[in-house]
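Taking it in order: structure first as structure tokens, then the write-up.
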Amino acid sequence: MKAKDIMTTPVISVGPDTPVSEIAGLLFERRISALPVLEEGRLVGMVSEADLLHRHEIGTDRSTRSGSWWLRLFSADRSIEEYIKSHARKARDVMTREVVSVAPDAAAAEIATLLETRGIKRVPVLEGGRLAGIVSRADLVQALAQVPKAAARVTPPSDAAIRGRLLAELQRQAWWRRGTSTLEVSDGLVSYRGTVESEEERDAARVAAENIAGVRGVEDFRPLMRDLPSMV
């Protein structure tokens with residue numbers, strides 16, 4: 047699944063001279079958390095709810111710092127930035143200018159990682175320098191909700207096929223310890239035996255099995271290594 051498959055389009059946008067009050071109205075009325083700022087069709091910034099948190103109109107701006115003159119001197123640049131952000135009347139002065147973007151062919155996994163690592167809620171999709179759409183966390187959740195359920199098989203897979211697919215999945219994972227764990231499948235029931243290092247590993251093995259078509263249940267008989275009697 048790619049950005050072009052899940053992005054929201056067309057995108058509501060504003061210009062650099064759009065009043066802050068109008069932007070706030072759009073965010074509220076459209077139930078969205080950010081708006082791209084376009085100038086002659088090019089993306090020049092984003093205005094999000096976070097950019098409007100500290101505003102003098104509603105008394106949420108940061109007050110002038112008190113303290114010694116040298117503390118105020120060192121914080122002067124920050125104070126200027128905060129003053130502009132809280133008192134500016136147009137998009138150009140409150141928008142975030144350094145905007146991360148993706149291409150239409152960007153993979154959904156890449157976008158999810160980008161949203162997580164950058165701590166952002168949405169990312170614009172650019173094609174040829176032009177805004178083609180926007181992908182938000184909500185778009186990813188919606189894509190998950192719309193994934194069709196696998197059609198029921200007329201003939202369920204054999205136990206051998208289930209075991210083979212599950213082993214292939216487990217052996218791709220760094221946490222699977224094939225030297226201390228084994229598995230068997232009987233009538234669609236997966237049974238793990240051996241030992242396990244942690245409850246998290248046990249849960250991961252169960253989840254892996256539950257994602258294999260034909261699995262009817264999972265049993266895990268492996269004790270935790272720390273619970274075994276010492277051989278010393």
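To convert a position in the sequence shown, counted from 1, into our numbering, add 46.
A virtual CB, placed ideally from N, CA and C, is assigned to each residue, including glycine.
Treat the numbers as computed from the prediction; the structure is a model and nothing was measured.
Cβ shell of residue i (< 7 Å), same chain only, five flanking positions each side left out
i: Arg-239; result: Thr-228, Phe-267, Arg-268
i: Ser-112; result: Model confidence at Ser-112 stands at a pLDDT of 49, short of 50, so the residue's coordinates are unreliable and nothing is read from them.
i: Ala-155; result: none
i: Gly-175; result: Arg-88
i: Ala-255; result: Leu-212, Val-236, Val-261, Val-264
i: Pro-170; result: Pro-82, Leu-89, Val-145, Ser-147, Leu-177, Ile-180
i: Asp-107; result: His-100, Arg-101, Ser-132
i: Arg-164; result: Val-146
i: Ile-69; result: Val-60, Leu-81, Val-93, Ala-137
Paired residues, beta bridge with residue i - DSSP
i: Leu-172; result: Leu-177
i: Glu-265; result: Ser-237
i: Met-92; result: Pro-82, Thr-142
i: Pro-65; result: Lys-136
i: Ala-153; result: Lys-48
i: Thr-228; result: Arg-239
i: Leu-270; result: Val-242
i: Val-148; result: Val-171
i: Thr-54; result: Ile-180
i: Val-60; result: Val-83
Nearest-angstrom beta carbon gap, residue j and residue i [assumed within contact, 8 Å]
i: Pro-203; j: Ala-259; result: 6 Å
i: Leu-98; j: Val-145; result: Not quite, the Cβ-Cβ distance comes to about 17 Å (not below 8 Å), so this is no contact.
i: Ser-59; j: Leu-84; result: 5 Å
i: Met-53; j: Asp-249; result: Contact doesn't hold; Cβ gap of about 33 Å is too wide.
i: Gln-217; j: Arg-224; result: 7 Å
Close-in-space but distant-in-sequence residues of the same chain around residue i (CB under 8 Å, 5 per side omitted)
i: Glu-173; result: Ala-149, Pro-150
i: Lys-167; result: Ser-79, Ala-80, Ser-94, Leu-161, Ser-182, Arg-183
i: Gly-263; result: Gly-234, Leu-235, Val-236
i: Thr-142; result: Gly-91, Met-92, Val-93, Ser-94, Asp-97
i: Leu-274; result: Thr-241
Sequence-distant residues of its chain with Cβ nearer than 6 Å to residue i (five each side left out)
i: Ala-134; result: Val-140
i: Thr-226; result: Gly-240, Thr-241
i: Glu-243; result: Met-271
i: Ala-152; result: Ala-49
i: Arg-209; result: Val-231
i: Thr-110; result: No answer about Thr-110 holds up, because its pLDDT of 49 lies below 50 and its placement is not dependable.
heavy atom of the ligand NAD below 8 Å from residue i C-beta
i: Val-90; result: Looking for the ligand NAD in the displayed structure turns up nothing, as the structure carries no ligands at all.
*How about the stretch 201-217 and the stretch 181-189: do they share at least three Cβ pairs that are nearer than 8 Å?*
no
*asked:* Below 8 Å, how does it come out for the stretch 68-76 and the stretch 175-187: are there three or more Cβ pairs, yes or no?
replied: Under the 8 Å Cβ criterion, the stretch 68-76 does not count as touching the stretch 175-187, having fewer than three qualifying pairs.
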